Amino acid sequence: MSSIAADPVTLEIANAVARVTLNRPDAGNAMDAPLGRALRDVAESLQKRDDVRAVLLSGNGPRFCVGGDLSYFASSEDIGAALESLAGDVHAAVEAFAALDAPVVAAVHGAAAGAGLSLVAGADLVIASEATKFTMAYTAAGLSPDGGATWFLPRVIGHRRTAELAITNRALTAAEALDWGLVTQVVADEELRPTAEKLAERIASGPTAAFGTVKRLLNASSNATLHQQLADEADGIVANSESADGREGVAAFLEKRRPNFVGRRIE
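Letter by letter, the sequence shown follows residues 39 to 305 of our numbering.
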């Protein structure tokens, strides 16, 4: 096991799972400059590691993340500059998570609002406790979305529903979020952590490079032509078939045994 702690965000790596935890519990894990910088540093550090095959993103305390810290913005001498700097850090983190081969599992509880909802939308799989509420919140404060919300949400739940959330700021229950496709699974509050841990560890034993190919194909599909998407799929399946995990997966299927994937990158 290895771990580093950057006060507003903690990172612990064990059994090939990187557990990234937002750590401002007394503020609902609201994002201020230190948290934004720490999240960026942690996310970008994962890109340099070969021992991470899944990411488990969660929040410490009673809420996952309530979004930007409005009191931090209000106390800044230049609110525009403060927002620009924070958005830059959060956006770099979002891009880093999206670029990982390792899938990101979000374990969400309490509230996911503003940029917290953006992090949920950008995750590959989302487990939510049944009491969780989801809301955009931006326009309620006279602001517009950031954190990739307007890129991920239309792809995940559709344009019309994204517009409804952004304009009305209505709160979604966990059951509604499941029905809309925003979350993967809803569980009892006490089952959130064990369920998310089990899923992350299962993913961490899988073919990491193939998962990365899946992520890139899905993220590109909305803007690609059918011809380009088919070409990219062909390139991907060929590259993965020639990898150690691809060879192992085919052999295990033919031999009727469980595969032993090693999760190495495709060179």
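In this text, a Cβ means the ideal position worked out from N, Cα and C, and glycines have one as well. These numbers were taken from a predicted model, which means no experiment stands behind them.
- Asn61 and Leu203 have their C-alpha atoms some 26 angstroms from each other.
- Residue range 264 to 279 is occupied by the alpha helix (DSSP H) that includes Gln267, with no beta strand (DSSP E) assigned at that position.
- In the assembly as shown, Asn278 is a buried residue. Its beta-carbon has 16 or more other beta-carbons within 10 Å.
- The distance from the Cβ of Thr170 to that of Ala150 is about 7 angstroms, consistent with a contact at the 8 angstroms cut-off.
- The straight-line gap separating the alpha-carbon atoms of Ser182 and Phe172 is approximately 16 angstroms.
- When C-beta atoms of the stretch 263 to 274 are compared with those of the stretch 120 to 133, fewer than three pairs fall below 8 angstroms, so the two segments do not count as touching.
- Taking a C-beta distance under 8 angstroms as the contact criterion, Gly105 and Gly180 do not qualify as a contact pair.
- Taken atom to atom, the span from the alpha-carbon of Asn98 to that of Glu293 is near 44 angstroms.
- Between the alpha carbons of Arg303 and Ser96 lies a distance of about 26 angstroms.
- In this structure, the alpha-carbon of Asp116 lies about 13 angstroms from that of Ser109.
- At the C-beta level, Ala81 and Ile241 stay beyond 8 angstroms of one another.
- The Cβ neighbour count for Ala175, taken over all protein chains shown within 10 Å, is at least 16; the residue is labelled buried.
- By the C-beta density criterion, Ala269 is exposed, having fewer than 16 other C-beta atoms within 10 angstroms.
- Partner residues in the beta bridge of Ser167, as assigned by DSSP, are Val225.
- At a cut-off of 4 residues, the continuous stretches assigned as alpha helix (DSSP H) that sit fully inside the stretch 166 to 211 are 187 to 195, 197 to 206.
- Residues Lys171, Phe172, Thr173, Leu203, Trp218, Leu220 of the same chain have their beta carbon placed closer than 8 angstroms to that of Leu210, with the five preceding and five following residues left out of the count.
- For Thr59, DSSP records a beta bridge to Thr48, Ser96.
- Gly185 is the residue among Ala166, Arg295, Gly185, Ile165 whose C-alpha sits nearest the C-alpha of Ala136.
- Gly301 places its beta carbon less than 8 angstroms from that of Ala54.
- Annotation: Leu84 to Pro141 spans about 12 angstroms, alpha carbon to alpha carbon.
- Within the model, the alpha-carbon separation for Lys236 versus Ala65 is close to 28 angstroms.
- When the beta-carbon positions are compared, Glu286 and Val225 stay at least 8 angstroms from each other.
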